[in-house]
Amino acid sequence: MIDLRSDTVTKPVPEMREAIKQAEVGDDVYGEDPTVNELQRKAAEKFGKEASLFVPSGSMGNQVSINVSTQPGQEVILDSECHIYNHEMGAMSSISGVLPRSIETEKNYLPIDKVRENIWPGEYYFTKTGLIALENTQNQKGGVIYPEDKKDKLIDLADERDIPVHLDGARIFNASIATNTPVNKLTEGFTSVMFCLSKGLGAPVGSMVVGSHDFIEEARRVRKTFGGGMRQVGVLAAAGLYALENHIERLGEDHENAKILADFLEDLNQIKVNDPETNIIMIELKDDDLSAERLVEELEKKNILTGTIGSQKIRMVTHLGINREDVEKTAEVIKSII
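Residue numbers (our numbering): 4 to 341.
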């Protein structure tokens, strides 16, 4: 089976399983798990932040960060297509009591003028802006990378207005490898950053939140409130450590495979294929006679798993479980169906 539904479907490699087996553990709620502590130290160091926190999932990492930076009744300015807005079940409202103020973006960034227009104007009868949230890379836009200059301008604006900024950096290492830019540079200026260990990095479970000592200390309390405190979790942290030490540079292979797959398909008149910047391929179907759902079904019959994005678009994601032969076969099958 060729599974292109997501980079979350990766399975631990044998060396990662051995690291899990050998992990030294303790009670992390007491801060006594040495493997978790080392993972948190390494993550903070890599991002140039003071501290970090291991959380069960990326969604929890985002929601913990939102809760720490906001007060009930405030607004969070974000991209109308971002993960926090579309795929976290309205958690910011149900858990933290804050409202999303979504903005339609340009190709790959929040227009600074639109952000400025949507920031709380100062009158008491308007909703106060509590946070601005960005995403890099951007999932629903096909893994595009948030431009560094646009990010810097937005953070400058947020600093002027004393507004914290959070980054959903689930795939920030993909952006780092694609641009040859260290993650500490890509995330400079953010109040908080979440990144996933369980996507392209190939760990089975977990994400990290990085920030200042004070931010992470409060995030630890909020994580416990959300039910995210775990005990002898070094067995999972060991996988994350292995991923950070061994699976970052290889992300370039995923990008190359995504590009190869897109290139194989670009001449088909019936579809429009994005030019992948990282590891996500989007295929938009031009012919209404073939829906995304039907294409996904036909591919599954050929032992290829993909996913739909709306009625006329499918998404494919390359990862460490996909090789050159897999993408070539996928292209051949898509051509035969279309």
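Cβ coordinates follow ideal geometry from the N, Cα and C atoms, glycine included.
Among L56, V168, T194 and I251, nearest to G232 - alpha-carbon criterion: As a working mapping, residue 232 is identified with position 229 in the sequence shown. The shortest Cα separation from G232 among L56, V168, T194 and I251 belongs to L56.
*Which of the three DSSP states, helix, strand or coil, is assigned to S83?*
Translated into positions along the sequence shown, residue 83 becomes position 80. In the three-state reduction of the DSSP assignment, S83 falls in the coil class, being assigned neither a helical nor a strand state.
- Query: With 16 other CB atoms within 10 Å as the buried threshold, where does K202 fall?
  - Reply: The residue you call residue 202 lines up with position 199 of the sequence shown. Buried.
If you draw a straight line from the alpha carbon of F218 to that of V208, how long is it in whole angstroms?
As a position in the sequence shown, residue 218 is number 215, starting the count at 1. As a position in the sequence shown, residue 208 is number 205, starting the count at 1. Whole-angstrom Cα-Cα distance: 23 Å.
Local conformation of L323 per DSSP, three classes
Within the sequence shown, the letter at position 320 stands for residue 323. In the structure shown, L323 falls within a coil segment according to DSSP collapsed to helix, strand and coil.
message: With distance defined between alpha-carbon atoms, name the residue in Q315, I307 and K338 nearest to D329.
response: Position 326 of the sequence shown, counted from the start, is the residue given in the question as residue 329. Closest by C-alpha distance to D329, out of Q315, I307 and K338, is I307.
Touch test, the region 86–96 against the region 144–157, Cβ-Cβ under 8 Å, three pairs minimum
Taking 8 Å as the limit for Cβ pairs, the verdict is that the region 144–157 does not touch the region 86–96.
* Asked: Is it buried or exposed for S62, if we count other Cβ within 10 angstroms and need 16 for buried?
  -> As a first step, residue 62 must be located in the sequence shown, where it is residue number 59. So S62 counts as buried.
Report task. For T198, count neighbouring Cβ atoms within 10 angstroms of its own Cβ and tell me buried if that reaches 16, exposed if not. Result -> Mapped onto the sequence shown, residue 198 falls at position 195. In the sequence under discussion, the amino acid at residue 198 is Phe, which differs from the Thr named in the question. Taking a 10 Å sphere around the C-beta of F198, we find 16 or more other C-beta atoms and assign the residue as buried.
Straight-line CA distance for K49 to Q273? Within the sequence shown, numbered from 1, the residue matching residue 49 stands at position 46. Within the sequence shown, numbered from 1, the residue matching residue 273 stands at position 270. Computed Cα separation, rounded: 44 Å.
**Message:** Quick check on P59: buried or exposed, where buried means 16 or more other Cβ atoms within 10 Å of its Cβ?
**Reply:** By 1-based counting over the sequence shown, the position of residue 59 is 56. Classification for P59: buried.
Notebook entry, point to check: Does the beta-carbon of Q315 have 16 or more other beta-carbons within 10 angstroms, so that it is buried, or is it exposed?
Noted result: As a first step, residue 315 must be located in the sequence shown, where it is residue number 312. Q315 comes out buried.
Legend entry - Bridge-paired residues (DSSP) for T342: Any property of residue 342 remains undetermined from this structure, which presents the chain solely from 4 to 341.
message = Quick check: the Cα distance between Q77 and M211, rounded to an integer number of angstroms?
response = Within the sequence shown, the letter at position 74 stands for residue 77. Within the sequence shown, the letter at position 208 stands for residue 211. Their Cα atoms are separated by approximately 25 Å.
Quick check on I115: buried or exposed, where buried means 16 or more other Cβ atoms within 10 Å of its Cβ?
Translated into the one-based positions of the sequence shown, residue 115 becomes position 112. By the 16-neighbour rule on beta-carbons within 10 angstroms, I115 is exposed.
### Message
Just verifying my parser: in three-state terms, what is the DSSP assignment at D155?
### Response
By 1-based counting over the sequence shown, the position of residue 155 is 152. D155 falls in the helix class under three-state DSSP.
By the 10 Å Cβ neighbour count, where 16 or more other Cβ atoms means buried, how is M19 classified, buried or exposed? Start at 1 with the first residue of the sequence shown, and residue 19 comes out as number 16. Within 10 angstroms of the beta-carbon of M19 lie 16 or more other beta-carbons, which makes it buried.
Item to complete: Starting from the Cα of P150, find the closest Cα among A240, D162 and L137 and give me that residue.
Response: What you label residue 150 is simply residue 147 of the sequence shown in a count that begins at 1. Ranked by Cα distance from P150, the first of A240, D162 and L137 is L137.
> Taking the alpha-carbon positions, what's the E331 to I263 distance?
Replying inline: Numbered from 1 along the sequence shown, position 328 holds the residue referred to as residue 331. Numbered from 1 along the sequence shown, position 260 holds the residue referred to as residue 263. Distance between the alpha carbons of E331 and I263 is about 8 Å.
**Nearest candidate by alpha-carbon position, reference G255, set D278, A178 and A54** = In the sequence shown, residue 255 corresponds to position 252, counting from 1. With distances taken between Cα atoms, G255 lies closest to A178.
| query | Which residue's Cα is closest to the Cα of C85: S72, T38 and N139? | reply | Against the sequence shown, residue 85 aligns to sequence position 82. Measuring from the Cα of C85, the nearest candidate turns out to be N139.
**Prompt:** By DSSP, does M19 sit in helix, in strand, or in coil?
**Reply:** By one-based count along the sequence shown, residue 19 stands at place 16. Residue state, collapsed to three classes: helix.
The region 28–40 in contact with the region 233–245 per 3-pair CB rule at 8 Å: The region 28–40, when compared against the region 233–245, does touch it at the 8 Å Cβ threshold.
Requested in this report: Return the residue from the list E280, I341, V71 and G34 that minimises the CA-CA distance to D291.
Outcome: Counting from one through the sequence shown, the residue named residue 291 turns up at place 288. Checking every option, the nearest Cα to that of D291 belongs to I341.
For E296, which residues from the same chain have a beta carbon less than 7 Å from its beta carbon, with the 5 sequence-adjacent residues on both sides left out?
Position 293 of the sequence shown, counted from the first residue, corresponds to residue 296. Closer than 7 Å at the Cβ level, and outside the excluded window around E296, lie T311.
*CB of I80 within 9 Å of CB of N121, strictly*: Taking the first residue of the sequence shown as position 1, residue 80 is located at position 77. Taking the first residue of the sequence shown as position 1, residue 121 is located at position 118. Yes, the Cβ-Cβ distance between I80 and N121 is below 9 Å.
Could you compute how far the alpha carbon of H250 sits from the alpha carbon of G29? Counted from its first residue, the sequence shown places residue 250 at position 247. Counted from its first residue, the sequence shown places residue 29 at position 26. Spanning the two alpha carbons is a distance of roughly 26 Å.
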